[in-house]
Amino acid sequence: MPYYTKLGLLPRKRHVQFRRPDGALYSEEVFGTEGFVGPTTTLYHIHPPTQVYGWKPMYSTAVEYVEQDIMRMRHLKSAPMSPKGDFVTGRVVLFGNADCQMAVCNPAEQMPYHFKNAQGDECLFIHFGSGVCHTMLGTLRFGPKDYLVIPKGVIYTVIWDRRENDPATGKPRDGGPPVEQCPFGKVLLIETCNGSHIGPPPRYVSKTTSQFLEHAPYCERDLTLPEMPLTWDERGDFEVRIKARDLIHSYMYHYHPLDVVGWDGCYYPFIFNVDDFSPITGKLHMPPPIHQTFEAHNFVICSFCPRMLDYHPQSIKVPYNHSNLDSDEVLYYVEGNFGSRKGIEVGSLTLHPQGIPHGPHPGTIEASLAATHTAELAVMCDTFRPLFPTRAALAIDDEKYPASWQGEHFPGLASGAMHLNGVTIPPSSAAAFPREVHPVPVIKAEPAQVVIPAPGANGKNGSTPKATGTSTANVWAP
Ligand SMILES: [Fe+2]
34 MPYYTKLGLL PRKRHVQFRR PDGALYSEEV FGTEGFVGPT TTLYHIHPPT
84 QVYGWKPMYS TAVEYVEQDI MRMRHLKSAP MSPKGDFVTG RVVLFGNADC
134 QMAVCNPAEQ MPYHFKNAQG DECLFIHFGS GVCHTMLGTL RFGPKDYLVI
184 PKGVIYTVIW DRRENDPATG KPRDGGPPVE QCPFGKVLLI ETCNGSHIGP
234 PPRYVSKTTS QFLEHAPYCE RDLTLPEMPL TWDERGDFEV RIKARDLIHS
284 YMYHYHPLDV VGWDGCYYPF IFNVDDFSPI TGKLHMPPPI HQTFEAHNFV
334 ICSFCPRMLD YHPQSIKVPY NHSNLDSDEV LYYVEGNFGS RKGIEVGSLT
384 LHPQGIPHGP HPGTIEASLA ATHTAELAVM CDTFRPLFPT RAALAIDDEK
434 YPASWQGEHF PGLASGAMHL NGVTIPPSSA AAFPREVHPV PVIKAEPAQV
484 VIPAPGANGK NGSTPKATGT STANVWAP
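Sequential numbering of the sequence shown, starting at 34, is according to our numbering.
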């Protein structure tokens, strides 16, 4: 994170004698990034952090990508994936490249060890479930819709709360999937592979003070930093599994690995709950960067949150067709009504690659014209280099998805129920813009002499979504 904080006990100055109650020195460790010129934290251990033994290779985490030469839209349905492993071993990588990996995790059991990812930062979006994450820099209690960001090198463990049914309804209290199918929680993981670190976009923070600026959609008050308890002073054999070089190593410590009594600096884990993201809205459609939440080198993470939609009386509420020429886009659908996108459900992931435009599904433009807000929530990861799927991804791939844009895009026009430059203006918006309730002047060009029907434009190859007639819109056209 860009700003300084501290927790626990600290000596008056760096690198001076700092003694335990028994008179021995605490062991200072400088946790430095980018060759000690990047964000750094200084920790004070009860025991020397170097006293580890028993390095044992356990299993490879190398990811095999498939279909690397094929560019096409993809839609994965992750909701039915069975619980597996723990918070670490249960991760199933679906997409990735040399910069990042995206995985989902539906753990079947608690993790009985501590873990350190020594090769990348982890951004863990908690879709369902809650628990506590004990780290060497303090404790973070997490819950649904939290981004839990754990930077490279931080030792941690996670203790899940077990999900429960409400006795009155027999269904999960959190409204999520059946507890038998998801006993602890569901996580979307985005992990760096290129040595960069995940943090807020630099444009959100002051260059001189590192303070979040007024235009940022969140600020310091929205972040949860590590808290007490911080220190475990226990002797014994404690396993710390370290991920490095695409291999999980088992190291043993003679003492509890979370033995830090105090630390200060700018390198630490934190939580940001997506409900605290204050969406930036506009009179006309705003581009995806307004949703940006975090970034690392060569990829960004965005939050598409419930928000007011564009308020120009004749605005198009769904995104325009677009070619994101330098990015592959992955959206993870968290909650809301995705009925306007064919086959999309909670837990779906879509991949829209650079190389082919994408946009609204048939019928969604007209269906959303009167909408004033959307209640949908999704997490997006845009990468600046192509993403490749894994075999696990192909196993849950909806092969019909690339054809889902076929069909009648303007059913209202086709039926005569709607007209170009129509006045389907929500009354509240019309009152706010009394001078703008007139049709937008059309700049006329020479009409085309020949119109070639698009394949499937007769509606036979695709369904015709109904107009919602509500004040909410399904706006996903990622
Ligand atoms: Fe997009």
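Backbone N, C-alpha and C define an ideal beta-carbon position, used for all residues, glycine too.
State the DSSP-derived secondary structure class of F69, mapped to helix, strand or coil. If you number the sequence shown from 1, residue 69 lands on position 36. Here DSSP, grouped into helix, strand and coil, assigns F69 to helix.
Give me the Cβ distance between L420 and N130, rounded to the nearest whole Å; I'm assuming they're in contact under 8 Å. The residue labelled residue 420 in the question sits at position 387 within the sequence shown. The residue labelled residue 130 in the question sits at position 97 within the sequence shown. That belief holds up - the Cβ atoms of L420 and N130 are roughly 5 Å apart, short of 8 Å.
Pick from D297, H406, C414 and I377: whose alpha carbon is nearest that of W438? To locate residue 438, count along the sequence shown from 1; it is residue 405. For W438, the closest of D297, H406, C414 and I377 by C-alpha to C-alpha distance is I377.
Just to confirm the assignment, what range does the beta strand (DSSP E) spanning A136 have? Start at 1 with the first residue of the sequence shown, and residue 136 comes out as number 103. In this chain, the beta strand (DSSP E) harbouring A136 covers C133 to C138.
What residue from C133, T257 and G369 has the CA that sits closest to A408's CA? Mapped onto the sequence shown, residue 408 falls at position 375. The residue with the shortest Cα to Cα distance from A408 is G369.
Along the alpha helix (DSSP H) that carries T397, what are the first and last residues, could you check? Locating residue 397 in the sequence shown gives position 364, where the first residue counts as 1. Element bounds for T397: T397 to S401.
Tell me whether the segment 347–365 and the segment 178–185 touch, counting them as touching only if at least three CB pairs, one residue from each stretch, are closer than 8 Å. Contact fails: fewer than three Cβ-Cβ distances are below 8 Å.
Note down the Cα distance separating A126 from V212, rounded to an integer number of angstroms. Counting from 1 along the sequence shown, the entry for residue 126 is found at position 93. Counting from 1 along the sequence shown, the entry for residue 212 is found at position 179. A small correction: the amino acid at residue 126 is Val; Ala does not occupy that position in the sequence shown. Rounded to whole angstroms, V126 to V212 spans 23 Å at the Cα level.
Same chain, Cβ closer than 7 Å to L58, neighbours up to 5 away in sequence not counted: Taking the first residue of the sequence shown as position 1, residue 58 is located at position 25. The beta carbon of L58 is closer than 7 Å to those of Q50, F51 and R52 in its chain, skipping five residues each way along the sequence.
Mind checking who P90 pairs with in its DSSP beta bridge? Your numbering for residue 90 matches position 57 in the sequence shown. Residue pairing by DSSP places P90 opposite H282 in a beta bridge.
Which residues does DSSP list as the beta-bridge partners of V125? Position 92 of the sequence shown, counted from the first residue, corresponds to residue 125. V125 pairs with V137.
Distance, Cα to Cα, E67 vs G203? In the sequence shown, counting from the first residue as 1, residue 67 sits at position 34. In the sequence shown, counting from the first residue as 1, residue 203 sits at position 170. Straight-line Cα distance between these residues: approximately 51 Å.
Any idea which residues DSSP pairs S60 with across the strands? In the sequence shown, residue 60 corresponds to position 27, counting from 1. Residue pairing from DSSP places S60 in a beta bridge opposite H78.
Considering just the uninterrupted stretch of the alpha helix (DSSP H) at A428, what are its terminal residues? As a working mapping, residue 428 is identified with position 395 in the sequence shown. Run containing A428: R424 to A428, per the alpha helix (DSSP H) assignment.
Contact check, C133 vs G123, beta carbons under 8 Å: Sequence index remark: in the sequence shown, residue 133 carries index 100 (1-based). Sequence index remark: in the sequence shown, residue 123 carries index 90 (1-based). Their beta carbons are not under 8 Å apart, which means C133 does not touch G123 by this criterion.
Select from G71, F69, T75 and G56 the residue whose C-alpha is nearest the C-alpha of R45. For this step, residue 45 is matched to residue 12 along the sequence shown. Closest by alpha carbon: T75.
In angstroms with no decimal places, state the Cα-to-Cα distance between P35 and P395. For the purposes of this step, residue 35 is taken as the residue at position 2 of the sequence shown. For the purposes of this step, residue 395 is taken as the residue at position 362 of the sequence shown. Roughly 43 Å between the two C-alpha positions.
Run of the beta strand (DSSP E) containing T168, from where it starts to where it stops: To locate residue 168, count along the sequence shown from 1; it is residue 135. G164 to T168 is the span of the beta strand (DSSP E), which, as asked, contains T168.
Collapsed DSSP secondary structure at P320 in the structure displayed: Your numbering for residue 320 matches position 287 in the sequence shown. When secondary structure is reduced to three states using DSSP, P320 falls in the coil class, being assigned neither helix nor strand.
Check: N357 C-beta below 7 Å from any heavy atom of ligand 1: Walking along the sequence shown from the start, residue 357 turns up at place 324. The answer is yes for N357.
Leaving out five residues on either side along the sequence, give the residues of the same chain with a beta carbon under 6 Å from the beta carbon of H324. On the sequence shown, residue 324 is found 291 positions in, with the first residue counted as 1. Cβ neighbours of H324 within its own chain (closer than 6 Å, five residues either side excluded): C335, S336 and F337.
Three-state secondary structure (DSSP) of R206: Here residue 206 corresponds to residue number 173 of the sequence shown, with the count starting at 1. In this structure, R206 counts as coil in the three-state DSSP scheme.
Just the Cα atoms here: how many angstroms apart are L280 and K89? By 1-based counting over the sequence shown, the position of residue 280 is 247. By 1-based counting over the sequence shown, the position of residue 89 is 56. When rounded, the separation of the alpha-carbon atoms in L280 and K89 is 10 Å.
R107, buried or exposed, once every other Cβ within 10 Å from all chains shown has been counted against 16: By 1-based counting over the sequence shown, the position of residue 107 is 74. Classification of R107: buried, given that the 10 Å Cβ count is 16 or more.
If contacts are defined as beta-carbon pairs under 8 Å, then D154 and I231 qualify, I think. What distance do you get, rounded to the angstrom? Counting from one through the sequence shown, the residue named residue 154 turns up at place 121. Counting from one through the sequence shown, the residue named residue 231 turns up at place 198. Between D154 and I231 the beta-carbon gap is near 4 Å, inside 8 Å, which marks them as a contact.
Residue range of the unbroken beta strand (DSSP E) whose run includes V182: On the sequence shown, residue 182 is found 149 positions in, with the first residue counted as 1. Per DSSP, V182 belongs to the beta strand (DSSP E) from D179 to I183.
Am I right that P259 and T168 are in contact with their C-beta atoms under 8 Å? What's the rounded C-beta distance? Numbered from its first residue, the sequence shown carries residue 259 at position 226. Numbered from its first residue, the sequence shown carries residue 168 at position 135. Yes, they are in contact, since the Cβ atoms of P259 and T168 sit about 6 Å apart, within 8 Å.
Fully enclosed by the segment 283–350, which alpha helix (DSSP H) runs are 4 residues long or longer? DSSP runs (the alpha helix (DSSP H)) wholly in the segment 283–350: none.
With a threshold of 7 Å, establish whether the CB of E362 neighbours any heavy atom of ligand 1. On the sequence shown, residue 362 is found 329 positions in, with the first residue counted as 1. Correct: E362 has its Cβ closer than 7 Å to ligand 1.
Endpoints, the beta strand (DSSP E) within which R45 is located: Residue numbering aside, residue 45 sits at position 12 when the sequence shown is read from its first letter. Per DSSP, R45 lies in no beta strand (DSSP E) segment and is marked neither H nor E.
Beta carbon of H385: closer than 7 Å to some heavy atom of ligand 1? Your numbering for residue 385 matches position 352 in the sequence shown. Here the distance from the Cβ of H385 to the nearest heavy atom of ligand 1 is below 7 Å.
Proximal residues to G41 (C-beta, below 6 Å), its chain only, five neighbours per side dropped: Within the sequence shown, numbered from 1, the residue matching residue 41 stands at position 8. Closer than 6 Å at Cβ, skipping near neighbours: L263, V294 and G295.
Beta-ladder partner(s) of N198, from DSSP: In the sequence shown, the residue the question calls residue 198 occupies position 165. For N198, DSSP records a beta bridge to P205.
Could you tell me which residues DSSP pairs with L515 in its beta bridges? Here the chain has residues from 34 to 511 only, and residue 515 is not among them.
At a cut-off of 7 Å, is H391 close to ligand 1 when judged by its beta-carbon and the heavy atoms of the ligand? As a first step, residue 391 is located in the sequence shown; it is residue number 358 there, counting from the start. For ligand 1, at least one heavy atom lies less than 7 Å from the Cβ of H391.
Spell out the partners DSSP gives K149 in its beta bridges. Translated into positions along the sequence shown, residue 149 becomes position 116. I188 and I275, per the DSSP bridge assignment.
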